[in-house]
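For reference, the structure discussed in these notes is given below.
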Amino acid sequence: MSVVLKIKEVTAVAINQLYGIDLLPVDILVNATKPEFEGDYTVVLFAFIKQLKKSPDALGQELGDHITTENQHLFTSFNVIKGFLNLTVADNYWLHFIGDQYKNISFGCAPANGQKVMVEYSSPNTNKPLHLGHLRNNFLGRSIAEILKANGNEVIKTCIVNDRGIHICKSMIAWEMFANGATPASTHTKGDHFVGDYYVKFNDEYKKEIDVLKTQGKTQEEAEKEAPVMKATQQMLLDWEAGKPSVMELWSRMNSWVYEGFDATYKRIGSDFDKTYYESNTYLLGKDLVETGLAKGVFFQKTDGSVWIDLTADGLDEKLVRRKDGTSVYITQDIGLAEQKQKEFNAGQSIYVVGDEQNYHFKVLKLICQKLGLPSADGMYHLSYGMVELPTGKMKSREGTVVDADDLVDEMINIAKQKTEELGKVKDFTSQELEELYNTIGLGALKFFLLRVDPKKKMVFNPEESIDFHGFTGPFIQYTHARIKSILRKSGTIQKQETGNEQLGTALLPLEKELAIHLEMFPVILNDAATEHDPSKVAIYIFNLAKIFNSFYTEHSIGNAETEEKKILRLQLSQLTAQVIKTGMNVLGINVPERM
RNA sequence: GGACCGGUAGCUCAGCUGGAUAGAGCACAAACCUUCUAAGCUUGGGGUCAUUGGUUCGAAUCCAAUCCGGUUCACCA
């Protein structure tokens, strides 16, 4: 149990014993004490003074007295300033904690809780390569999955590939028109980029044809409808749905190129899935649920035959679930897929990592599933994240301002290489070890950059400045880890651990204590990150930990400490810090090097 | 127009279940490598927390209004 929780419990007990009032520990506010005051943790008393009819000062004194005398093993002193009760935690508490945990490689992680969670992320279109926005999605999805695992959940990672539809046909038509049989192999192009190029070519051609039609006196709208490439594309979609062999052949051929490209990218960035769904297999799902909904009266039919759900009572609009021609729409297949996933995996919670432009969609989706009484409905959670924007605004493929994922990863790895060579600290590494190190640092910088901000918020990426390697960054934390490992290598294994740290006797110095306090918070942080679906909580925490360690490192000698006891203590602190950094970075999907 | 999200230092972001004098990083200025990795440490300047009003012992945080920016409300996916 964390100290903070203990303080809350002890305070609740004290208030009960002193004043006979029952309070829940959760209702008691405990903060870290501000540096300018004496103490480690602070109980904020204002909330109780009315109920207890005491002055803040009197209440603080009585509570402080009671709490410290009843829990002498936990607190050494207290002081009261205004309505704040500042408690100083006994050094022995921290010594015990360090001694108990420094060898625990799964410190912070919870045992299996028997719960199953699905995380759907990545979900690409097969008509263009991945860009910076997809990277945020992939890193978030992977990270939230790891965070949930660390908290004891069984996690199933899934991906729904958008491999059909009008946009895919656009690439196919353009390829037929312009490629002369070219392939990724014949042009030495990565498959997803190859296909993406034809998607661009389609749009160029489409624009041209529209312009021509407009000079012939058509309106924009007419021209858009009548352009021959667009007509051909629509015909191709119909042919695809009818299963026309030549179209199916081209479709699967082009998709296979894209998958080859995606696989390469996924492998580099560390995305993987336990189960991949393809829309070409799932787009007809949910049709039967429309009938169910009609029978239940959840849906209604308009005179033209189209089927709708009325969500106006929930503050939303009417939503179409089946077209008048009997074909289903996007949301219908999502309902069907939700049901399918439930049948297949029966997870208690299902997390969808999808951009915030689909907030409305997911609100509607969950509501419909609830109204249909699907067992998966209540466990649906949309992990909504903001767009990654450029200083000039949104990325636009039409204006060529999209930051390509492969290019960016290459660039980051290159910068890592350049900086590593400049510093020249690992000249004895083999070329293979160097490659691995550049990957670790480059991807570490990129992942940390995208995960350190609250997922819900949109963020800005400035390609001009590239991504920093100093300060609040992945490499800074990786560097801290490498530094600690260097010390541990040089200092050998820790002796005397059997004696128990409380007997080490020496009082903790301020930075030693600050480190211990921070380390002790890790399990709570990991748990918060899971319940709030927010990896940035871990990123910020790890950064602060690394900062404290670096101050500690500069101020105190570890390997050559003043006494043997101090040396042991500091080595234990260092080892636990390295362990927490490693675990914390790993749940962000980031590796930490032994040397850099 | 309705709904939802955001506006905190020059820039990028924390803090938002109300608590002590609003914090980091970058950038800028200064000091620190005969001793455990300087991708580091220390110090300094830098703020009308969009605006106005309200709630109260106390508001960046909650409420209302206004301004600015974004997303969304397709028989698109």
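Counting in the numbering used here, the first sequence runs from 13 upward without gaps. All C-beta atoms in this analysis are idealised placements derived from N, C-alpha and C, irrespective of residue type, glycine included. Quantities reported herein were computed from a predicted structural model and do not represent experimental measurements.
Based on Cα-Cα distance, which residue from the options lies nearest to residue i?
| i | options | result |
| --- | --- | --- |
| L160 | S563, T201, E188, I363 | I363 |
| K182 | P68, A124, L262 | L262 |
| T589 | E524, Y210, D329, K459 | E524 |
| K559 | R154, C121, P487, V536 | P487 |
| V310 | C381, N371, Y342, D284 | C381 |
| L531 | Y53, T81, G120, F49 | G120 |
| E526 | K287, A494, L107 | L107 |
| M260 | K213, M184, V101 | M184 |
| L379 | G193, F274, F109, A350 | A350 |
| A197 | L225, V224, R265 | R265 |
| K355 | Q246, S586, A389 | A389 |
| H111 | F534, W187, A528 | A small fix is needed here, since residue 111 is Gly in this sequence, not His. Here the closest residue by C-alpha is A528. |
| I554 | M608, I570, T485, K497 | T485 |
| D422 | N293, E447, E411, V400 | E447 |
| G391 | K353, A186, E567 | K353 |
| K169 | T199, K331, E158, A162 | E158 |
| Q113 | V101, L583, T442 | L583 |
| G504 | L520, Q587, D103 | Q587 |
Taking only three categories from DSSP, how would you classify residue i?
| i | result |
| --- | --- |
| E82 | helix |
| Q127 | coil |
| Y397 | strand |
| D480 | coil |
| D112 | helix |
| V15 | helix |
| I602 | coil |
| I554 | helix |
| A44 | strand |
| C121 | coil |
| Y271 | helix |
| F87 | strand |
| S498 | helix |
| Y133 | coil |
| F151 | helix |
| E50 | coil |
| I93 | strand |
| D284 | coil |
| R582 | helix |
Around the C-beta of residue i, are 16 or more other C-beta atoms found within 10 angstroms, so that it is buried, or is it exposed?
| i | result |
| --- | --- |
| R334 | buried |
| Q29 | exposed |
| H482 | exposed |
| F561 | buried |
| T80 | buried |
| S89 | exposed |
| G76 | buried |
| N137 | buried |
| E576 | exposed |
| A359 | buried |
| K459 | buried |
| L557 | buried |
Cβ atoms of residue j and residue i: under 7 angstroms apart, would you say?
| i | j | result |
| --- | --- | --- |
| G436 | Q490 | no |
| I616 | N451 | No information on residue 616 is available, as it lies outside the stretch 13 to 608 that the chain covers here. |
| S291 | R464 | The identity of residue 291 in the sequence shown is Glu, whereas the question assumes Ser. No. Outside cutoff. |
| A239 | Y218 | yes |
| P68 | G32 | no |
| V302 | V319 | yes |
| A494 | P403 | no |
| E272 | G203 | yes |
| W626 | F206 | Missing from the structure shown is residue 626; the chain here goes from 13 to 608 and no further. |
| I172 | S135 | yes |
| L420 | F151 | no |
| V550 | G596 | yes |
| G51 | L99 | yes |
| L41 | V25 | no |
| V400 | F473 | yes |
| P37 | K20 | yes |
| K502 | G405 | no |
| P547 | S155 | yes |
Using a Cβ-based criterion (distance less than 6 angstroms to any ligand heavy atom), does residue i qualify as near the ligand MG?
| i | result |
| --- | --- |
| R410 | Summarising the ligand content, the structure contains no ligands, and the ligand MG is consequently not present. |
(message) Under 8 angstroms: do the segment 118 to 130 and the segment 76 to 92 share three or more Cβ pairs, one atom per stretch?
(response) no
(message) Check whether the segment 581 to 595 and the segment 142 to 161 are in contact - that is, three or more C-beta pairs closer than 8 angstroms.
(response) No contact exists between the segment 581 to 595 and the segment 142 to 161.
(request) Pair every Cβ in the segment 291 to 302 with every Cβ in the segment 339 to 351, then say whether three or more of these pairs are closer than 8 angstroms. (result) yes
(request) Answer yes if the segment 371 to 386 comes into contact with the segment 414 to 421, meaning at least three C-beta pairs across the two stretches below 8 angstroms, and no otherwise. (result) no
(request) Check whether the segment 276 to 283 touches the segment 314 to 328, taking contact to mean three or more Cβ pairs, one atom from each stretch, closer than 8 angstroms. (result) no
(message) Taking 8 angstroms as the cut-off, does the segment 69 to 78 touch the segment 89 to 105 (at least 3 CB pairs, one atom from each stretch)?
(response) The segment 89 to 105, when compared against the segment 69 to 78, does touch it at the 8 angstroms Cβ threshold.
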